[in-house]
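In my numbering, the protein residues as written are 900 to 1107. As structure tokens, the structure follows; a few thoughts come after it.
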Ligand SMILES: [Zn+2]
């Protein structure tokens, strides 16, 4: 019986691993929701009367209900990870479509400020920028996601954190991380983000 078990179990183990790998490949092949810009569609053709605008409360209703349900399924930490990652995907796509090409930090910032304003996402200001030392502090007034929300004791703009990190990653081709350090919800009446280049921040933390 023992010999039989030893003979069979490696076979079963291999079958099990092959099954997992092939299932992942199949799922990869069959993705339903991978983002590409054409998914947004031809809005002028599709909404000749209602156009490109929607009330902001409807945008927040969709985001906050989705966040509620994801949290119930996955927990708070995973929900924040999902929103950060989704923000990063949006930021990278947004940079590729609306910001690049840019030749300097000034051009990057001014183009970003103008586009965010034109699209009514928010009013971006740079408070402190030492890009070559991997540190930027910026504020976003009238932020799409949180301006006007009731006061809470935590920052809420996790999607924005990912979005901003990806903008800097796209511009510099380095790894960046954004952390919201003030939010409308914490009484600051603006959203303030500390954006740091990951390897430089780690080197600093290590004392190098
Ligand atoms: Zn905020």
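Yeah, the Cβ is synthetic: ideal placement off N, Cα and C, and Gly gets one too. Remember, predicted model here, so these are calculated numbers, not experimental data.
Expressed to the nearest angstrom, what Euclidean distance is found between the alpha-carbon atoms of residue i and residue j?
| i | j | result |
| --- | --- | --- |
| residue 1089 | residue 1083 | 5 Å |
| residue 1091 | residue 1044 | 13 Å |
| residue 1095 | residue 1025 | 14 Å |
| residue 1106 | residue 1076 | Its pLDDT being 44, under 50, residue 1106 is placed unreliably in this model, and the coordinates cannot settle the point. |
| residue 982 | residue 1005 | 29 Å |
| residue 987 | residue 941 | 24 Å |
| residue 1047 | residue 1033 | 31 Å |
| residue 1087 | residue 947 | 40 Å |
| residue 1036 | residue 1016 | 19 Å |
| residue 930 | residue 937 | 16 Å |
| residue 955 | residue 1011 | 21 Å |
| residue 980 | residue 953 | 27 Å |
| residue 1057 | residue 1099 | 22 Å |
| residue 1023 | residue 1093 | 13 Å |
| residue 1039 | residue 1019 | 11 Å |
| residue 933 | residue 1030 | 32 Å |
| residue 990 | residue 945 | 25 Å |
| residue 951 | residue 957 | 13 Å |
In the DSSP assignment, what residue or residues form a beta bridge with residue i?
| i | result |
| --- | --- |
| residue 1038 | 1024 and 1091 |
| residue 930 | According to DSSP, residue 930 bridges with nothing at all. |
| residue 1096 | 1075 |
| residue 1081 | 1091 |
| residue 1029 | 1034 |
Just checking: is the beta-carbon of residue i within a distance shorter than 9 Å of some beta-carbon in chain B?
| i | result |
| --- | --- |
| residue 1001 | In summary, chain B is missing from the structure at hand, where a single protein chain is found. |
contact_flag[the stretch 1060-1067, the stretch 1040-1051] where n(CB pairs < 8 Å) is 3 or more: no
Which residues count as close to ligand 1 when the rule is a CB under 7 Å from any of its heavy atoms, in chain order? 1042, 1044, 1045, 1054, 1055, 1056, 1059, 1079, 1082, 1083, 1084 and 1090
Is the stretch 1066-1083 touching the stretch 988-1003, taking contact as three or more C-beta pairs under 8 Å? Output reads yes: the stretch 988-1003 touches the stretch 1066-1083.
As an exercise, report each continuous alpha helix (DSSP H) stretch of at least 4 residues that is fully enclosed by the stretch 946-995, in chain order. 955-973 and 975-993
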